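Those sequence lines, one after another, are chains R and H. Using our numbering, you'd call the opening residue of the first sequence number 37 and step up by one each time. Using our numbering, you'd call the opening residue of the second sequence number 12 and step up by one each time.
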Amino acid sequence: MAKVVMRIWRGDSEGGEFQDFPTEVSEGEVVLDVVHRIQAEAAPDLACRWNCKAGKCGSCSAEINGLPHLMCMTRMDTLPTEEPVVIAPMKTFPIIRDLVTDVSFNYEMARRLPPFAPKAPGPDGTYRMQQVDVERGQEFRKCIECFMCQDICHVIRDHEENKEHYAGPRLFIRYMELESHPLDTNDRRELLRQEMGLGYCNITKCCTEVCPEHIKITDNAIIPLKERVVDASYDPIAWLGRKILRRTKKSPEEAANYRSDPQVARSAK
Amino acid sequence: MAEYEQIDFDVIVIGAGGAGLRAAIEAKQRGLRAAIVCKSLLGKAHTVMAEGGAAAAMGNVWSEDNWMVHFRDTIRGGKMLGNWRMAQLHAQESPDRIYELEAWGALFDRTNDGRIHQRDFGGHRYARLAHVGDRTGLELIRTLQQRAVALDIDVFMETKILRLLKNSSGEISGAIGYQRPTGKILVFTGKAFVMATGGIGRSWKYSTNSWESTGDGHALALWAGADLIDMECMQFHPTGMVWPLSVRGLLVTEGVRGDGGVLRNSEGKRFMFDYIPQVFAAETADNEAEADRWYDDHINNRRPPELLPRDEVARSINAEVKAGRGGPHGGVYLDIATRRSADFIKRQLPSMYHQFKELAGVDITAEPMEVGPTCHYIMGGIRVDPDTAASTIPGLFAAGEVAGGLHGANRLGGNSLSDLLVFGRRAGMGASDYAEGRTSSTAVDRAEIDSIVAEATAPLTREVGENPYDLQRDLQDTMQSLVGIIRTESELVQAQAVIDSLKERVKNVAVNGGPNYNPGWNLATDLPAMLSVCTMVTKGAIERKESRGGHTRDDFPAADAALGKINFVQRVNDAGEVVVAPEPLPEMPDELKALLEEGAH
Numbered sequence: 037m038a039k040v041v042m043r044i045w046r047g048d049s050e051g052g053e054f055q056d057f058p059t060e061v062s063e064g065e066v067v068l069d070v071v072h073r074i075q076a077e078a079a080p081d082l083a084c085r086w087n088c089k090a091g092k093c094g095s096c097s098a099e100i101n102g103l104p105h106l107m108c109m110t111r112m113d114t115l116p117t118e119e120p121v122v123i124a125p126m127k128t129f130p131i132i133r134d135l136v137t138d139v140s141f142n143y144e145m146a147r148r149l150p151p152f153a154p155k156a157p158g159p160d161g162t163y164r165m166q167q168v169d170v171e172r173g174q175e176f177r178k179c180i181e182c183f184m185c186q187d188i189c190h191v192i193r194d195h196e197e198n199k200e201h202y203a204g205p206r207l208f209i210r211y212m213e214l215e216s217h218p219l220d221t222n223d224r225r226e227l228l229r230q231e232m233g234l235g236y237c238n239i240t241k242c243c244t245e246v247c248p249e250h251i252k253i254t255d256n257a258i259i260p261l262k263e264r265v266v267d268a269s270y271d272p273i274a275w276l277g278r279k280i281l282r283r284t285k286k287s288p289e290e291a292a293n294y295r296s297d298p299q300v301a302r303s304a305k
Numbered sequence: 012m013a014e015y016e017q018i019d020f021d022v023i024v025i026g027a028g029g030a031g032l033r034a035a036i037e038a039k040q041r042g043l044r045a046a047i048v049c050k051s052l053l054g055k056a057h058t059v060m061a062e063g064g065a066a067a068a069m070g071n072v073w074s075e076d077n078w079m080v081h082f083r084d085t086i087r088g089g090k091m092l093g094n095w096r097m098a099q100l101h102a103q104e105s106p107d108r109i110y111e112l113e114a115w116g117a118l119f120d121r122t123n124d125g126r127i128h129q130r131d132f133g134g135h136r137y138a139r140l141a142h143v144g145d146r147t148g149l150e151l152i153r154t155l156q157q158r159a160v161a162l163d164i165d166v167f168m169e170t171k172i173l174r175l176l177k178n179s180s181g182e183i184s185g186a187i188g189y190q191r192p193t194g195k196i197l198v199f200t201g202k203a204f205v206m207a208t209g210g211i212g213r214s215w216k217y218s219t220n221s222w223e224s225t226g227d228g229h230a231l232a233l234w235a236g237a238d239l240i241d242m243e244c245m246q247f248h249p250t251g252m253v254w255p256l257s258v259r260g261l262l263v264t265e266g267v268r269g270d271g272g273v274l275r276n277s278e279g280k281r282f283m284f285d286y287i288p289q290v291f292a293a294e295t296a297d298n299e300a301e302a303d304r305w306y307d308d309h310i311n312n313r314r315p316p317e318l319l320p321r322d323e324v325a326r327s328i329n330a331e332v333k334a335g336r337g338g339p340h341g342g343v344y345l346d347i348a349t350r351r352s353a354d355f356i357k358r359q360l361p362s363m364y365h366q367f368k369e370l371a372g373v374d375i376t377a378e379p380m381e382v383g384p385t386c387h388y389i390m391g392g393i394r395v396d397p398d399t400a401a402s403t404i405p406g407l408f409a410a411g412e413v414a415g416g417l418h419g420a421n422r423l424g425g426n427s428l429s430d431l432l433v434f435g436r437r438a439g440m441g442a443s444d445y446a447e448g449r450t451s452s453t454a455v456d457r458a459e460i461d462s463i464v465a466e467a468t469a470p471l472t473r474e475v476g477e478n479p480y481d482l483q484r485d486l487q488d489t490m491q492s493l494v495g496i497i498r499t500e501s502e503l504v505q506a507q508a509v510i511d512s513l514k515e516r517v518k519n520v521a522v523n524g525g526p527n528y529n530p531g532w533n534l535a536t537d538l539p540a541m542l543s544v545c546t547m548v549t550k551g552a553i554e555r556k557e558s559r560g561g562h563t564r565d566d567f568p569a570a571d572a573a574l575g576k577i578n579f580v581q582r583v584n585d586a587g588e589v590v591v592a593p594e595p596l597p598e599m600p601d602e603l604k605a606l607l608e609e610g611a612h
């Protein structure tokens, strides 16, 4: 049993401060175990989110010693114990209470995404796809929506005003997943360029570094998306080719106008 | 008088796992005003933890497979206690529900000819589980979540329902709850309600279930006067992690065994060959050579005993450990490292690889995992009409783990995800039909609302009292040690006495802080449901004086043919007490009975 001080942020949207909880740590414990023990013994009202406690649901994201981590997958024996272990809520999102933040920005951006629109199935009513063709999308579908990539992204971490027009890494991989989906027919590239702020990302790869699923967000999603968006905007021959070869794709304008009614497309608060 | 906001929809679904999402999608696609109310954020429900796959007789890997074989496997795996009509609908409709997910964007693993790949699992005659590596639940919930978003379904996240409300003629007409971030009281009124709240495993100490699985839906339905069945039938998954202690109980997918993993004791012996029950002897290999050949040739070889139904495997592991042949942390060894290549393991079981590496420091491509049984699933639940998912009270429907009947006394792995889809859709249809036909008032009683709010908020107003976490711990310890995998009458009676004493203590729970995002208070409001559900499990377990499926009685170790034809139905009487009544199972038609015979397929 090692002694350690957990320095946990307590407070709400009005403000708050760090509170120290001295505790003892058993072999194999993760940060979330220690937070749960503090809840059960010292502070029953200490607010934190969690569900699966196995790195599969993405609920317990927090900033541990300054960097975003899943509390359930961070073993205490990987942290220095001479100094207090500092646990703070994700900075990019408004605080609800203690370690719980209002992550509705991410859900709002998901609503603004033009949905999957499949082509018609084969004669037997089902689809045929090769494993190699689904694997690219499967990488992005590993995302557990912990929103730590959104938290670390300086475009919105340091600039609240950008949230109006920046989807962020979590959504960029969703756009790329659909862009590479063997069955999808929507073209979302113009929307990405004009309203989702793809150009704001300057490829610092912070998002990739914090991804608990090890998704290569920058290399496999954001950079290819940037290339495709450039193609869509500035390359008339490629544009003409697409017009001729892929008639089933919706035009960029059609895709961008999805959900133009103000109630649905309302900006993130 | 309590302040609250009233919100009205046609169909209100409680729970946002696979069943709840699928039900809401159905109602919304029908053009009804549909809403989902859920305790966590959207996309975090327990479905996300399902690993292995969704069982559906698509016949993509073995063309011999069809719904009749799936029906047979489900009924036999459930030790003949399952509802035949639910098992029939489930086996017949699962393939369409899987194909439908693909049309909504799901990306399942593929066969060489580009169809959906299917993997082997316990109790299934053929490789039948559509999957994405070992994260199928995530794929399922994300696909349904994205479909729900595309349909613009309203979702009330992080909202806990306290009680169902009826109109003056006894129809379910409302649900009252609170928003966890603010503590604000919400009253949902609607024409039909779908219960899709999942399971009850939080009341056991070692469990695969999250904090959400407090049995809210089972309890809400019970309190509202609905019938529940088979509540004694709990599934202990054979393979949970046992070390480190902090992750004890965490699920290790059956896919490890489906993909070639075997169980060994401390002597290195594949002990499952010693535990093949008579009923499965004809279809189970009795030697290692045949068992190993089976992976490539299902037609000329019998299944390895590691892939017996979960109740058999869990009991066998328990017996090995009890006989002193377990590992250092009280489990047995699950070995895939010596049987499959590291590449294969990382491709087929990526999240297991990750989970053991990160949490236990074990490399499963190089060394065995130590595993043991863990509380996983409740087969019992709200009694429903198989075709419409209607409960026994008007206006209330149920689907998924909270509904009873499909799985009988033991659920086969993979049948849960397909259950969610098949009966989620049917509950959505049933609730939509009901809502469209309903002309009665959905007015609810103001005084009743006031008294529910007063009771729920009382812990916030007490200066001193019991810590809700202490009560939860005492309940978990009791259920783990006295109502666990092996049961006996004296211990069950003892457990009921503890539960009764906890029911008194819960009246004196006090929590500090306010109503906004206060986990202590949230737990205090979960405890009444946990205690009601544990009462049902314990009472049912006392009544079923035999061993069948997930229910094993040390004092009645054999199955009793007469009890095998009976469901134990639980409901509250006029005094508010839970009563248990035996009722005969619905009679299976002869043409379906014929499908159960060995050699019928």
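The beta-carbon is built from N, C-alpha and C at its ideal position, and this holds for glycine as well. These numbers were taken from a predicted model, which means no experiment stands behind them.
Chain R within 8 Å of residue i, Cβ atoms only
i: D120/H; result: yes
i: R213/H; result: no
i: N329/H; result: no
Below-8 Å beta-carbon distance, residue i vs any chain H residue
i: S62/R; result: yes
i: F143/R; result: In the sequence as displayed, the identity of residue 143/R is Tyr instead of Phe. Taking Cβ atoms only, chain H reaches closer than 8 Å to Y143/R, which makes this a yes.
i: Q186/R; result: no
i: V121/R; result: no
i: W86/R; result: yes
i: I253/R; result: no
i: R147/R; result: yes
i: K92/R; result: yes
i: V300/R; result: Residue confidence for V300/R is low, a pLDDT of 36 falling below 50, so the modelled location carries little weight and cannot support an answer.
Alpha-carbon spacing of residue i relative to residue j, whole angstroms
i: L162/H; j: K55/H; result: 19 Å
i: S452/H; j: L176/H; result: 12 Å
i: D48/R; j: I86/H; result: 52 Å
i: D238/H; j: H418/H; result: 17 Å
i: L428/H; j: M60/H; result: 11 Å
i: V580/H; j: R126/H; result: 43 Å
i: G31/H; j: A38/R; result: 44 Å
i: G91/R; j: E608/H; result: 43 Å
i: P205/R; j: V48/H; result: 28 Å
i: E317/H; j: P361/H; result: 21 Å
i: E323/H; j: G271/H; result: 18 Å
i: E331/H; j: L219/R; result: 50 Å
i: C254/R; j: D461/H; result: For the record, residue 254/R in the displayed sequence is Thr; it is not Cys. The straight-line gap from Cα to Cα measures roughly 53 Å.
Expected contact under 8 Å - CB spacing of residue i and residue j to nearest Å
i: I347/H; j: V267/H; result: 5 Å
i: V382/H; j: V253/H; result: 6 Å
i: S257/H; j: G64/R; result: 5 Å
i: R436/H; j: D398/H; result: R436/H to D398/H, Cβ: 12 Å. No contact.
i: N101/R; j: V121/R; result: 7 Å
i: G185/H; j: V455/H; result: 4 Å
For residue i: DSSP bridge partner residues
i: Y344/H; result: R275/H and E381/H
i: I129/R; result: It is worth fixing the name first, because residue 129/R is Phe in this sequence and not Ile. According to DSSP, F129/R bridges with nothing at all.
i: S218/H; result: C386/H
i: L176/H; result: G185/H
i: K262/R; result: K262/R is not bridged to any residue.
Beta-carbon gap between residue i and residue j smaller than 8 Å
i: T499/H; j: D565/H; result: yes
i: M79/H; j: Q129/H; result: no
i: A98/R; j: A76/R; result: no
i: T240/R; j: Q186/R; result: no
i: E299/H; j: H57/H; result: no
i: Q167/R; j: D131/H; result: no
i: Y445/H; j: R422/H; result: no
Near the ligand FAD: residue i beta-carbon under 7 Å from a heavy atom
i: C49/H; result: With respect to the ligand FAD, the structure shown offers nothing to examine, as it has no ligands at all.
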